[in-house]
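One structure is given below, encoded as structure tokens.
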Ligand SMILES: [Fe+2]
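In our numbering, the protein residues as written are 28 to 415.
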């Protein structure tokens, strides 16, 4: 990586991270360590009905648990956050324990805001809106991908406007993250792959961000190495606890990286197609990432040299452009190896929608930090056509 004398940045990583097989059994002590005694569990309906994971956490919390809110759905909405906050308020909750994937953790962040501040989540959209910390939050991820357990961001859908709303605030970073590989063994192969590629996209995007810096770069590069090695293992054998654990760590590191360095065009496109066509966030990232790398490489090819090395490419003697092309190819190959589809057309996006999608992508806040400045919808249409 090259950094010049104008480099300046702030790096924040305030979450207490507890890793280990069985570490979720520490949840009661961790809630108490935050000075709390009345936790509400926030989890999704699938996890609550098809697995015993939320039940196990509830049992471990014992009388420190005052309720389980299990109405979170994928692409959780503002109305669900507001209902969850009302649920938590009724029970006099002083702490949120989220159990699940990105939707559950992001919903919990929203609930933590509304429980503290009142009103509706819509009142707090944007960046650094809050004046004080939200309600304490212990996050227990059951997927390895979003890194939401350490990030300052929540993405919540406005189902009426078909838009994904962004909430970015240091006051919503979870206080504690319990990374327990035992909780991720039940995740099916395709979801393991899609969420794992979400983590990969966080690492790659933090590096090609205009706000990249050495600490986030270091976290991202090691996350890339771990994902390259352990994602195929976790997909091939869901009970491989070593692979599951390393993927949780990679996801966490990539989350801490992008929470500081931001994401870019990959996420801007994924948010746009996700909101309109319901494509899984990690899958959408995985599909468009190689094409965004090629798009960015026209201006910032050197960015991808260390990424290529982290992906196992022998970079000595290769040009920056060749490294970038190999990054695009290796990312597509990793997605294919883990069984993920590679095109937007396979996910029900009609060709006739591409122009409108390109236009809409310009409005997504993630585009601001992309390594190559996007000048207009025509440029984006090329990326969309390539990913189609
Ligand atoms: Fe993401």
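Quick reminder that beta carbons are idealized off the backbone N, C-alpha and C, glycines included.
Exercise for the section: Figure out for me which residue from 33, 39, 197, 137 has the closest Cα to the Cα of residue 283. Expected result: Translated into the one-based positions of the chain shown, residue 283 becomes position 256. Selected option, being the one with the closest Cα: 39.
Practice task
Provide the residue(s) that pair with residue 354 in DSSP beta bridges, ordered along the chain.
Solution key: Locating residue 354 in the chain shown gives position 327, counting from the first residue. DSSP output for residue 354 lists no bridge partner at all.
Practice task
Look at the alpha carbon of residue 93 and the alpha carbon of residue 394, and state the distance between them as a whole number of angstroms.
Solution key: Taking the first residue of the chain shown as 1, we reach residue 93 at position 66. Taking the first residue of the chain shown as 1, we reach residue 394 at position 367. When rounded, the distance between both Cα atoms is 41 Å.
Handout entry: Spatial distance of residue 297 from residue 319 (CA atoms)
Key = Within the chain shown, the letter at position 270 stands for residue 297. Within the chain shown, the letter at position 292 stands for residue 319. Going from the Cα of residue 297 to the Cα of residue 319 covers about 11 Å.
Handout entry: Bounding residues of the alpha helix (DSSP H) (the contiguous stretch that carries residue 388)
Key = Here residue 388 is taken as the residue at index 361 of the chain shown, counted from 1. From DSSP, the alpha helix (DSSP H) with residue 388 extends over 381 to 388.
Problem - Residue closest to residue 99, alpha-carbon to alpha-carbon, out of 237, 336, 72, 232 - result: The residue given as residue 99 occupies position 72 in the chain shown. Checked all of 237, 336, 72, 232; the closest Cα to residue 99 is 72.
Problem - Local conformation of residue 36 per DSSP, three classes - result: The residue you call residue 36 lines up with position 9 of the chain shown. Looking at residue 36 - three-state DSSP - the assignment turns out to be coil, as it is neither helix nor strand.
Problem - Whole-angstrom distance between residue 289 and residue 155, CA atom to CA atom - result: Indexing the chain shown from 1 puts residue 155 at position 128. Indexing the chain shown from 1 puts residue 289 at position 262. Taking the straight line joining both Cα atoms gives about 14 Å.
Problem - Member of 279, 64, 237 whose CA lies at the smallest distance from the CA of residue 119 - result: Your numbering for residue 119 matches position 92 in the chain shown. Minimum Cα distance to residue 119 is reached at 64.
Practice task
Would you kindly check if the distance between the Cβ of residue 43 and the Cβ of residue 204 is under 9 Å?
Solution key: As a working note, residue 204 is residue 177 in the chain shown. As a working note, residue 43 is residue 16 in the chain shown. Yes, these two residues count as a Cβ contact at 9 Å.
Handout entry: Top-ranked residue by Cα proximity to residue 287, from 174, 220, 160, 168
Key = Here the question's residue 287 lines up with position 260 in the chain shown. Closest by alpha carbon: 174.
Practice task
Name the one or two DSSP bridge partners that residue 43 has.
Solution key: Within the chain shown, residue 43 is the residue found at index 16, counting from 1. 203.
Handout entry: Residue from 197, 62, 166 with nearest C-alpha to residue 476
Key = Residue 476 lies beyond the residue range present for the chain, which begins at 28 and ends at 415; the question has no answer from this structure.
Practice task
Please determine, among 111, 168, 268, the residue with the shortest C-alpha to C-alpha distance to residue 96.
Solution key: To locate residue 96, count along the chain shown from 1; it is residue 69. Residue 111 is the option with its Cα nearest to residue 96.
Problem - Top-ranked residue by Cα proximity to residue 157, from 170, 167, 141 - result: Within the chain shown, the letter at position 130 stands for residue 157. Selected option, being the one with the closest Cα: 141.
Exercise for the section: Measure the C-alpha to C-alpha separation of residue 67 and residue 388 and round it to an integer number of angstroms. Expected result: As a first step, residue 67 must be located in the chain shown, where it is residue number 40. As a first step, residue 388 must be located in the chain shown, where it is residue number 361. Looking at the two C-alpha atoms, the distance is approximately 36 Å.
Exercise for the section: Would you mind giving the Cβ-Cβ distance between residue 261 and residue 223, rounded to the nearest angstrom? I have them listed as a contact below 8 Å. Expected result: By one-based count along the chain shown, residue 261 stands at place 234. By one-based count along the chain shown, residue 223 stands at place 196. Between residue 223 and residue 261 the Cβ distance is about 7 Å, and since that is below 8 Å, they are a contact.
Practice task
Kindly indicate which three-state DSSP category residue 236 falls into: helix, strand or coil?
Solution key: Taking the first residue of the chain shown as 1, we reach residue 236 at position 209. Strand.
Practice task
For the beta strand (DSSP E) containing residue 168, list its first residue and its last residue.
Solution key: Position 141 of the chain shown, counted from the first residue, corresponds to residue 168. Counting along the chain, the beta strand (DSSP E) containing residue 168 begins and ends at 164 to 168.
Handout entry: Selection from 357, 150, 199, 219 that minimises the alpha carbon distance to residue 307
Key = Your numbering for residue 307 matches position 280 in the chain shown. When each option's Cα is compared against that of residue 307, the closest is 219.
Exercise for the section: Please state if the CB of residue 272 and the CB of residue 168 are separated by a distance shorter than 9 Å. Expected result: The residue given as residue 168 occupies position 141 in the chain shown. The residue given as residue 272 occupies position 245 in the chain shown. It is not a contact, given that the beta carbons lie outside the stated cut-off.
Problem - residue 136: first and last residue of the uninterrupted alpha helix (DSSP H) it sits in - result: Taking the first residue of the chain shown as 1, we reach residue 136 at position 109. Start and end: 129 to 144.
Handout entry: residue 306 - DSSP class collapsed to helix/strand/coil
Key = Within the chain shown, numbered from 1, the residue matching residue 306 stands at position 279. In this structure, residue 306 counts as coil in the three-state DSSP scheme.
Handout entry: CA nearest to the CA of residue 30, picked from 329, 400, 360
Key = What you label residue 30 is simply residue 3 of the chain shown in a count that begins at 1. Of the candidates 329, 400, 360, the one whose C-alpha sits nearest the C-alpha of residue 30 is 329.
Practice task
Using only alpha-carbon positions, find the residue among 361, 368, 333, 367 that is nearest to residue 351.
Solution key: One-based indexing of the chain shown puts residue 351 at position 324. If we check each option's Cα against that of residue 351, 333 comes out closest.
Practice task
Taking 9 Å as the cut-off, decide whether the C-beta atoms of residue 317 and residue 348 are in contact.
Solution key: Along the chain shown, one-based indexing puts residue 317 at 290. Along the chain shown, one-based indexing puts residue 348 at 321. Contact: no.
Exercise for the section: Verify whether the separation of the beta carbon atoms of residue 391 and residue 313 is less than 9 Å. Expected result: On the chain shown, position 364 is the one that residue 391 refers to. On the chain shown, position 286 is the one that residue 313 refers to. The answer is no: Cβ separation not under 9 Å.
Exercise for the section: Answer yes or no: do residue 180 and residue 125 have a C-beta to C-beta separation smaller than 9 Å? Expected result: Position 153 of the chain shown, counted from the first residue, corresponds to residue 180. Position 98 of the chain shown, counted from the first residue, corresponds to residue 125. Not closer than 9 Å, so no.
Handout entry: Same chain, Cβ closer than 8 Å to residue 366, neighbours up to 5 away in sequence not counted
Key = Taking the first residue of the chain shown as 1, we reach residue 366 at position 339. So the qualifying residues of the chain are 216, 217, 220, 262.
Problem - Residue burial classification, residue 353 (beta-carbon count within 10 angstroms, cutoff 16) - result: Along the chain shown, read from residue 1 onward, the residue named residue 353 stands at position 326. Buried, since its Cβ has 16 or more Cβ neighbours within 10 Å.
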